[in-house]
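Protein chains in written order, with this note's numbering: chain A, 47 to 257; chain B, 104 to 714. From the three backbone atoms N, C-alpha and C, an ideal C-beta is built for every residue, glycine too. Just so you know, these numbers come straight off a predicted model, no measurement behind them. This report refers to the structure that appears directly beneath it.
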């Protein structure tokens, strides 16, 4: 059961890596967050922990509904081209993503002492998601991709925490959700301001500001 | 939190007590001196600030030498550095002070960085910052680590002490501070670095290899010579004293280095003896350098300048200051019966004893060191003939010097007190050495009761059985009697025909102060003799009205700042070069920066396979 859900998380991440336009990227993020929500829900019902239900609910409210909605609002408002501006094209990105998947698999095999397949693959996927988030931030020009990359990394960390250590303390979890939400709002404002000032949100061109 | 009871951070073993004594014996008269010195120079608010800083400074020094925990030591060490920094830049009106303070704070923090590295290495092995725990951990430490720690400690404390070539901050910072602060900094603060070397290297780390002692002796020898040669060259009287501090640190380190050398080649008697000699010179230097800085401060207060070429003839207007300065100058030039003579004589004796008892190359090396020390003493005498002669004798070279008046009583009292100490430490050397034996014995953890230092009440004979005796009271008495006898003989049989004429006129006719011997002229022979090191050069410039008519001719002579040119400038160049190549990495692209992080992570994942 866990394996299937994790596999869907993996697939949604690949979807994001090959996305060319902003709505597709946001949709990918939504899928990923939804899969995480299902994953948490299943764990919660398996362990019968009320805390985890709350966490899952928050996951649904924030990451599946509110944050994608906000991001959609931003791209609607700033009315720039929906192109993400890829440094590396989707096909090559997918190849890289596969390489990273392999690397994180190798990493988690070397990290864990017991070679239990489920746990190892959980760790590998969680770690891969963190890497993929960073990869998105690097290879996409649009500032929006940076926000989503950060959120993807956060998802990866969430997965890492819940798989390896059985979840973070409840209050820490809540605090992180709040942080993520606030950071999205702030970064959304930033993107808005950048767009207003420079009429684009291409981070690559910001290097011209350098003295 | 019972681990942090304050009382267990302190220890008062003989070494700490000795340094506490040195700190307070110089700080106290300096503080009293500052009552009058600061009055009129600064606003009342600033004087209050100065007292506040002075108190912090002195107490942080006292705490540095009395804690027994490496971490607490570092904290107080840093407080001491910062307090002294603020005192160096106390004269905020002068741009030079700010500049000097900058050099000082940068150098002292480089030194502290080395110290932190060394103490962290010690902590890693001991798992505790406590001195006794570190000491027991050092017994089982691998030799390589010990060597690294020793070099780090040497660099760290060497920066504070002013070992050449790390001395560059000293001639800037010490003259710029107010004089009572210079006296404490030069007299005491740089000694805390020597405390650090004794405490951490000899007491805690334990001397491991004989090259430690050799290295320290070589550095100390270079420090002596470089310090005194530069002191001979400068015109600023406080700067001269600062360079002379570099020299004296070198002499003290000769004693300490020798103690390390003898300890490593298993000669405990000589090791204790050398350490005694070093410590004796340490306390002596604290006293007479404090005295000389206070004297220079009085001159500055009276004349408003520190440039010796503008002074002169002060002995007539300020006789009491002049006598005190003369006593200090005689002591620092190692003239009997004052205290400087005793300690330098002891260090020389230690060298000779070592040369007699050691074997092989060390024998030759020690003799060379003794020669270096002898040369240094000679040059120091020349240097202070210049300092005293140009400043206090001759005719006044400027209006400031002409109008100088004797300084207030409180300043003179401090100087009298220190002059008295100079004489007492010279005459009562036997008693003092008896105390120092305890200090040195406890540092070396050597049983001193079996050692025979053959001290009678007034007579000192380190080379027992070799008929070399020495007694300062006797020497003083002899000088007095001989002097009196000479005077009487002269009075009875000499030609009573004295012509009182103008000062330094040499029988010429109407020579003014501008024709007199100057400090630069006095040091000219030394500039030529040490030309290979000082690299003096001339700058001439013709000022002409037309091409054919040269109206005047400008002539300047300078010495090449060797350390600045050949050590620090290449270093700076290197830093800039590295910075330039690092800049290539920094393109201002956020993606690239994120990419760096990413690549690092991926590389780490790949590398984790290897371990």
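Amino acids of chain B, ordered along the chain, whose beta-carbon sits closer than 9 Å to that of residue i
{"i": "residue 53 of chain A", "result": "Within 9 Å Cβ-Cβ: nothing; residue 53 of chain A doesn't reach chain B, min ~22 Å."}
{"i": "residue 250 of chain A", "result": "692, 693, 694"}
Interface partners of residue i on chain B, CB under 8 Å
{"i": "residue 149 of chain A", "result": "705, 708, 709"}
{"i": "residue 153 of chain A", "result": "708, 711"}
Simplified DSSP state of residue i, which is helix, strand or coil
{"i": "residue 661 of chain B", "result": "strand"}
{"i": "residue 188 of chain A", "result": "strand"}
{"i": "residue 238 of chain B", "result": "helix"}
{"i": "residue 172 of chain B", "result": "strand"}
{"i": "residue 655 of chain B", "result": "strand"}
{"i": "residue 643 of chain B", "result": "strand"}
{"i": "residue 233 of chain B", "result": "strand"}
{"i": "residue 129 of chain A", "result": "strand"}
{"i": "residue 116 of chain B", "result": "coil"}
{"i": "residue 67 of chain A", "result": "strand"}
{"i": "residue 410 of chain B", "result": "strand"}
{"i": "residue 97 of chain A", "result": "helix"}
{"i": "residue 121 of chain B", "result": "helix"}
{"i": "residue 573 of chain B", "result": "strand"}
{"i": "residue 341 of chain B", "result": "helix"}
{"i": "residue 225 of chain A", "result": "helix"}
{"i": "residue 104 of chain B", "result": "Annotation note: pLDDT 40 at residue 104 of chain B (below 50); position unreliable, no value reported."}
{"i": "residue 605 of chain B", "result": "coil"}
{"i": "residue 142 of chain B", "result": "strand"}
Residue i classed as buried or exposed, judged by whether at least 16 other C-beta atoms fall within 10 angstroms
{"i": "residue 613 of chain B", "result": "exposed"}
{"i": "residue 280 of chain B", "result": "buried"}
{"i": "residue 241 of chain B", "result": "buried"}
{"i": "residue 110 of chain A", "result": "buried"}
{"i": "residue 224 of chain A", "result": "exposed"}
{"i": "residue 342 of chain B", "result": "buried"}
{"i": "residue 663 of chain B", "result": "exposed"}
{"i": "residue 69 of chain B", "result": "The requested residue 69 of chain B is not part of the displayed model; chain B covers only 104 to 714."}
{"i": "residue 647 of chain B", "result": "exposed"}
{"i": "residue 270 of chain B", "result": "buried"}
{"i": "residue 302 of chain B", "result": "buried"}
{"i": "residue 72 of chain A", "result": "buried"}
Distance CB(residue i)-CB(residue j) smaller than 9 Å
{"i": "residue 367 of chain B", "j": "residue 313 of chain B", "result": "yes"}
{"i": "residue 215 of chain B", "j": "residue 259 of chain B", "result": "yes"}
{"i": "residue 354 of chain B", "j": "residue 450 of chain B", "result": "yes"}
{"i": "residue 232 of chain B", "j": "residue 322 of chain B", "result": "no"}
{"i": "residue 170 of chain B", "j": "residue 298 of chain B", "result": "no"}
{"i": "residue 583 of chain B", "j": "residue 465 of chain B", "result": "no"}
{"i": "residue 503 of chain B", "j": "residue 282 of chain B", "result": "no"}
{"i": "residue 415 of chain B", "j": "residue 500 of chain B", "result": "yes"}
{"i": "residue 362 of chain B", "j": "residue 375 of chain B", "result": "yes"}
{"i": "residue 160 of chain B", "j": "residue 292 of chain B", "result": "yes"}
{"i": "residue 120 of chain A", "j": "residue 56 of chain A", "result": "no"}
{"i": "residue 514 of chain B", "j": "residue 401 of chain B", "result": "yes"}
{"i": "residue 85 of chain A", "j": "residue 106 of chain A", "result": "no"}
{"i": "residue 357 of chain B", "j": "residue 476 of chain B", "result": "yes"}
{"i": "residue 216 of chain A", "j": "residue 101 of chain A", "result": "yes"}
{"i": "residue 182 of chain A", "j": "residue 198 of chain A", "result": "yes"}
{"i": "residue 146 of chain B", "j": "residue 284 of chain B", "result": "no"}
{"i": "residue 709 of chain B", "j": "residue 149 of chain A", "result": "yes"}
{"i": "residue 193 of chain B", "j": "residue 184 of chain B", "result": "no"}
{"i": "residue 175 of chain A", "j": "residue 201 of chain A", "result": "yes"}
{"i": "residue 536 of chain B", "j": "residue 621 of chain B", "result": "no"}
{"i": "residue 495 of chain B", "j": "residue 417 of chain B", "result": "yes"}
Partners in chain A for residue i, counting only beta-carbon separations shorter than 8 Å
{"i": "residue 698 of chain B", "result": "184"}
Cross-chain neighbours of residue i in chain A, by beta carbon under 7 Å
{"i": "residue 491 of chain B", "result": "None at all; the shortest Cβ gap to chain A is about 57 Å."}
Cutoff 9 Å: residue i Cβ touching any chain C Cβ
{"i": "residue 701 of chain B", "result": "Looking at the structure shown, chain C is missing, and the protein chains on hand are A and B."}
Can you give me, in chain order, the residues of the region 176-189 of chain A that have a beta carbon less than 8 Å from any beta carbon in chain B?
177, 180, 181, 183, 184, 185, 187
Positions along the region 82-99 of chain A whose CB lies within less than 8 Å of some CB in chain B:
Those residues of the region 82-99 of chain A placed with their C-beta closer than 8 Å to a C-beta in chain B do not exist.
Using Cβ-Cβ distances below 7 Å, what residues of the region 659-676 of chain B are close to chain A?
none
Note down, in chain order, all residues in the region 220-251 of chain B with a beta-carbon under 9 Å from any beta-carbon belonging to chain A.
none
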